[in-house]
Amino acid sequence: MSNDWIVDYLQPRLTRNGPEHLSRQLYRQLRELIRLRRLAGGSALPASRALAQTLRLGRNTVLSAYDQLAAEGYLESRHGSGTYVCDAFGDAAPQPAHADTLPRQLSLRGQALANASRLPARKLGAFVPGQPELGLFPHKQWQQCLSRRQRSAPLAWLHYQHQGGLPELRAILSQYLHLTRSVRCQSEQVVIVPGAQSALTLLAQLLAEPGDTAWIEEPGYTGAQAAMLAAGLRCQAIRVDSQGLLPDPAADPPRLIYATPAHQYPTGAVMSLPRRLELLAQARRHDSWIVEDDYDGEFCYASAPLAALQSLDQDGRVIYVGTFSKVMFPGLKLAYLVLPAELVDPYRRCQARLQGEGSYLQQAAVADFIEQGHFARHIRHMRELYQRRQQLLRHALEQRLGSALPLHGGDAGMHLLAELPDGFDEWELQAAAAERQLWLRPLARHFLDTPYRNGLVLGYAGIADHAMRPAVQQLADLLETRLQ
Ligand SMILES: Cc1ncc(COP(=O)(O)O)c(C=O)c1O
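Read in order, the letters of the sequence shown are residues 1 to 484 in UniProt numbering.
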């Protein structure tokens, strides 16, 4: 039997530039395949040179993994013929020296997902991307909206819901999205979801077959990568430049394309109009779905934001995803989709079955919060604040580091991308920073394949004005010596 599947299996499971050496990862993955009998005794492994080439690894990396497995009795080389799983491998087979794998009851997909998912060391702090200014959220008004609705909540809201979200909120959102993002939809097309992440996960399951390919921005949002992995899809990393996603115009797109056109995550590029039109045309030619993730489009500092990609879509293939996580607070876990009409019913049914709809009490309070003007006021306030903080960050960095740290992507959003020179060790910097309680996000974390640029994703929205200078001093102290 051909062993090509081994390469397909290994490709998405190796984390480049992660803390664990690639030969160790390869060793662990192969060992697990053997232990779970997915690679039976006598199976041939790919030749080390071919495997190294296809996986874009050094040959020594592969040889070192094979050698370790051979030393532990899992593999044997047969002279002139290749490397094979030991026939003798059975229940009495030697146990590996280090039991450092995840629990065996996880599926292979579960292991890959768990390996690819990291829990951040700390969730709040200077430069943590995606952290809004929580202290200035109008908590009092929000509490009032909640309390008022709580007092009059119908009993039915205590039960399971399957309407696709509170109709009142769906109607308000369709007007809001039309006004602010030029989204074209009926309120019936708006579906309220328990967070954008759960929507990405369900969309990947609904719109593609296991084993299908999905296009993902590279570098890109790790949550989207995880959603595709959870659905059994293969991610094809598509490069991003200063105008956003840059697919080969001659390439046939897959069924599912994920993009962040308003503010590419994490490079901050805004997708240009020609790129948007080209992407739509390409998707139309191949009958693909495009998931447009508009996670922080409200914070646009240029004159006027470009209309959503969805507004240019002529034939209902763009699925618009928006979230309250950045404009209100992430703990709310509330987001929304604008679906092409034909997807509304299947999506609603699957959401009700697989995820549930979240709290209607909260949805009603959000509807009031918007109706009473608190929402728009808070966004206006935060837009000014974040723009100012971005300027503070830029100035402070420039004063300390001059032009040694180019910054990208400030037209919108809550973070900047700081460019680091080729060959810079972002992981070493992250570790050194963590020792000083500074939590940095290497750009390398956002690549599926070998990173083609170096950088840091610097969140600035949650850094109080008075804390900006000390935080930048700390960062600059770390960078100064490393940039020389
Ligand atoms: C690009 C992108 N999309 C989606 C989300 C997640 O949104 P939610 O909190 O609604 O799951 C994030 C969160 O940081 C994000 O960065």
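Note that beta-carbon positions come from the ideal geometry of N, C-alpha and C, so glycine has one too.
Assign residue i to one of two classes, buried (16 or more other C-beta atoms within 10 Å of its C-beta) or exposed (fewer than that).
i, result
"R31", "buried"
"A267", "Note that residue 267 corresponds to Thr in the displayed sequence, not to Ala. Buried is the call here."
"L158", "exposed"
"D100", "Because the pLDDT at D100 is just 48, under 50, the model does not fix this residue reliably, and the value given afterwards should be weighed accordingly. So D100 ends up on the exposed side."
"A97", "Low per-residue confidence applies at A97: pLDDT is 45, beneath 50, and the placement is therefore not dependable enough to give any value."
"D294", "buried"
"A126", "buried"
"Q95", "Only weak support exists for where Q95 lies, its pLDDT of 48 falling under 50; the value from the coordinates is given anyway. Classification of Q95: exposed, given that the 10 Å Cβ count is below 16."
"G90", "Any answer about G90 is weak, because its pLDDT of 48 lies below 50 and its placement is not dependable; what the coordinates show is given next. It is exposed - the Cβ of G90 has fewer than 16 other Cβ atoms within 10 Å."
"residue 500", "The first residue shown for the chain is 1 and the last is 484, placing residue 500 beyond what the model contains."
"S242", "exposed"
"R353", "exposed"
"H395", "exposed"
"K140", "exposed"
"residue 487", "Limits of the chain in this structure are 1 at one end and 484 at the other, which puts residue 487 out of reach."
"G195", "buried"
"R181", "buried"
"L169", "buried"
"E384", "exposed"
"Q163", "exposed"
"S288", "buried"
"P470", "exposed"
"H446", "buried"
"T481", "exposed"
"A251", "exposed"
"E298", "buried"
"G409", "buried"
"Y160", "exposed"
"residue 492", "Any property of residue 492 remains undetermined from this structure, which presents the chain solely from 1 to 484."
Would you say the beta carbon of residue i comes nearer than 6 Å to a heavy atom of ligand 1?
i, result
"P330", "yes"
Report the CB separation of residue i from residue j in whole angstroms; it is logged as a contact under 8 Å.
i, j, result
"H415", "G455", "Rounded, the Cβ-Cβ distance is 11 Å, inconsistent with contact."
"S48", "Y66", "6 Å"
"R317", "A283", "6 Å"
"L401", "A476", "6 Å"
"A230", "A208", "Not really, about 12 Å apart at Cβ, beyond 8 Å."
"L69", "L75", "4 Å"
"L22", "T61", "5 Å"
"L245", "R285", "With a Cβ gap of about 16 Å, L245 and R285 do not count as contacting."
"D315", "P254", "Not confirmed; about 18 Å, so no contact."
Kindly say whether residue i, judged by its beta-carbon, lies nearer than 7 Å to any beta-carbon of chain B.
i, result
"T260", "The question asks about chain B, but that chain is absent: this structure has only one protein chain."
Where the beta carbon is closer than 6 Å to any heavy atom of ligand 1, which residues qualify, in chain order?
-> G130, G195, A196, Q197, Y221, G223, T260, Y265, D293, Y295, T323, S325, P330, A335
Contact the region 286 to 300 vs the region 254 to 272: 3+ CB pairs below 8 Å = yes
Should the region 170 to 178 be regarded as contacting the region 148 to 156, the criterion being three or more beta carbon pairs within less than 8 Å?
-> no
Below 8 Å, can you find three or more Cβ-Cβ pairs linking the region 6 to 16 to the region 107 to 117?
-> yes
Could you tell me whether the region 357 to 371 touches the region 132 to 146, using the rule of 3 or more Cβ pairs below 8 Å?
-> yes
Should the region 225 to 235 be regarded as contacting the region 345 to 363, the criterion being three or more beta carbon pairs within less than 8 Å?
-> no
Inspect the CB distances between the region 436 to 444 and the region 271 to 283 and report whether three or more fall short of 8 Å.
-> no
Decide yes or no for the touch test of the region 319 to 329 against the region 104 to 113: beta carbon pairs closer than 8 Å, at least 3 of them.
-> no
For the 8 Å Cβ check, are there 3 or more pairs between the region 182 to 201 and the region 340 to 353?
-> yes
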